[in-house]
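Q:
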Amino acid sequence: MKLYMHPASTASRPVRLLIAEKKLPVEEHVVDILSGEHYKDEYTALNPSRQVPFLEDGDFRMTESSAILKYLGSKFELPEYPTDLKKRARVDEVMDWFNTQFMRDFAYGLLYPQVFPHHKRPSDEIHQGVIAWGKDKAQVWFGVLDKHIIGSKPYTCGDSITIADYFGGCIVTAGELIGCTYEGLPNVQRWLGNVKQLSSWASVNEVLYGFAASLKDKPFARL
Ligand SMILES: N[C@@H](CCC(=O)N[C@@H](CS)C(=O)NCC(=O)O)C(=O)O
Numbered sequence: 000m001k002l003y004m005h006p007a008s009t010a011s012r013p014v015r016l017l018i019a020e021k022k023l024p025v026e027e028h029v030v031d032i033l034s035g036e037h038y039k040d041e042y043t044a045l046n047p048s049r050q051v052p053f054l055e056d057g058d059f060r061m062t063e064s065s066a067i068l069k070y071l072g073s074k075f076e077l078p079e080y081p082t083d084l085k086k087r088a089r090v091d092e093v094m095d096w097f098n099t100q101f102m103r104d105f106a107y108g109l110l111y112p113q114v115f116p117h118h119k120r121p122s123d124e125i126h127q128g129v130i131a132w133g134k135d136k137a138q139v140w141f142g143v144l145d146k147h148i149i150g151s152k153p154y155t156c157g158d159s160i161t162i163a164d165y166f167g168g169c170i171v172t173a174g175e176l177i178g179c180t181y182e183g184l185p186n187v188q189r190w191l192g193n194v195k196q197l198s199s200w201a202s203v204n205e206v207l208y209g210f211a212a213s214l215k216d217k218p219f220a221r222l
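Counting from 1, position 43 in the sequence shown corresponds to residue 42 in the working numbering; the numbering is continuous, with no gaps.
1. Pick out the complete beta strand (DSSP E) segments inside the region 48-101, 3 residues or longer, and give them in chain order.
2. Measure the CB-CB distance between Thr161 and Glu79 and report whether it falls below 8 Å.
3. Going by DSSP, what residue range makes up the beta strand (DSSP E) through Glu26?
4. Could you tell me the distance, in whole angstroms, from the CA atom of Phe101 to the CA atom of Val143?
5. If you draw a straight line from the alpha carbon of Leu68 to that of Asp123, how long is it in whole angstroms?
6. Return yes when the Cβ of Pro6 is within less than 8 Å of the Cβ of Val242, no when it is not.
7. What does a CB cutoff of less than 7 Å around Ser73 pick up in its chain, not counting 5 residues either side in sequence?
8. Is there contact between the region 183-200 and the region 97-114, where contact requires at least three CB pairs shorter than 8 Å?
9. Please specify which runs of the alpha helix (DSSP H), each continuous and at least 4 residues long, are wholly inside the region 120-183, giving them in chain order.
10. Using DSSP with H/G/I as helix, E/B as strand and the rest coil, what is Lys1?
11. Can you give me the start and stop residues for the alpha helix (DSSP H) that Leu45 sits inside?
12. How would you write the range of the alpha helix (DSSP H) that Ala211 sits in, first residue to last?
13. Does the beta carbon of Pro116 fall short of 7 Å from some heavy atom of ligand 1?
14. Output the distance between the C-alpha atoms of Gly157 and Ala66, rounded to the nearest integer angstrom.
15. Quick one: does the C-beta of Gly51 sit closer than 7 Å to a heavy atom of ligand 1?
16. Tell me which same chain residues have a C-beta within less than 6 Å of the C-beta of Ala220, skipping the five on either side of it?
17. Using beta-carbon positions only, say whether Glu26 and Ser199 come within less than 8 Å of one another.
18. What is the DSSP secondary structure of Gln188, reduced to helix, strand or coil?
19. What does the alpha-carbon distance come out to for the pair Gln196 and Tyr165?
20. So is Tyr154 buried or exposed if we call it buried at 16+ other beta carbons inside 10 Å?
Take a look at the structure:
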């Protein structure tokens with residue numbers, strides 16, 4: 000199996016983390032999205048969406064980080080993707096929750112416009128409006144995450160880590176790029192502490208933390 004990815008990519012990180020943690024037989028191939036390699040014919044022939052991650056399992060090919068995590072979880076019968084109907088439905092629900100409204104407002108609204116030049120909007124007024132809208136909505140989603148989705152549990156779906164924590168944990172920690180520390184969200188902080196106990200966390204996230212260090216003193220809008 001082969002994973003096309005970029006180590007700083009929010010969508011690649013949870014898949015890389017699962018592969019590293021579970022020692023899955025998946026070879027990694029870096030697609031340099033910073034230099035535009037994903038726009039070259041060789042890659043667009045594989046993935047016309049021109050994004051990472053992208054998984055090849057023989058002649059079976061797929062995109063979408065959430066779906067790739069579920070595929071790997073099912074293929075390797077990992078306890079991180081439980082087979083019990085209701086437990087699996089809960090994992091799917093939480094992953095959809097992160098991947099839809101939370102991703103839209105937190106990543107695409109608040110975070111990406113501040114750190115990626117290609118997310119710059121056509122005028123300062125529009126740009127600031129996007130960020131303010133994202134911050135406002137993200138605050139609501141973080142409240143739901145803290146109080147209801149995590150609550151007093153160690154992980155989003157119960158007492159054990161699941162692929163929903165791999166997925167959500169990597170999205171939420173992307174906020175460290177703009178200096179989010181999640182003060183005032185004690186359950187989010189505690190949950191992130193639990194996810195970060197994964198033995199591969201530091202190595203898989205090395206590039207993210209290097210990127211965060213390079214942005215350290217910038218005056219970002221943050222939660
Ligand atoms: N919904 C997709 C999103 C993938 C995605 O946004 N990938 C980003 C990196 S995190 C990418 O490839 N960006 C390339 C670009 O913006 O040109 C998934 O979850 O896999």
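Cβ atoms here follow ideal geometry from the backbone N, Cα and C, with glycine treated the same way.
A: Taking the definition as stated:
1. 53-56 and 59-62
2. yes
3. Glu26 to Val29
4. 10 Å
5. 37 Å
6. Any answer about residue 242 is impossible in this case: the structure gives the chain only from 0 up to 222.
7. Tyr80
8. no
9. 123-143 and 162-172
10. strand
11. Asp40 to Leu45
12. Glu205 to Ser213
13. no
14. 21 Å
15. This sequence places Val at residue 51; Gly is not what is there. Correct: Val51 has its Cβ closer than 7 Å to ligand 1.
16. Ile130 and Lys134
17. no
18. helix
19. 12 Å
20. buried
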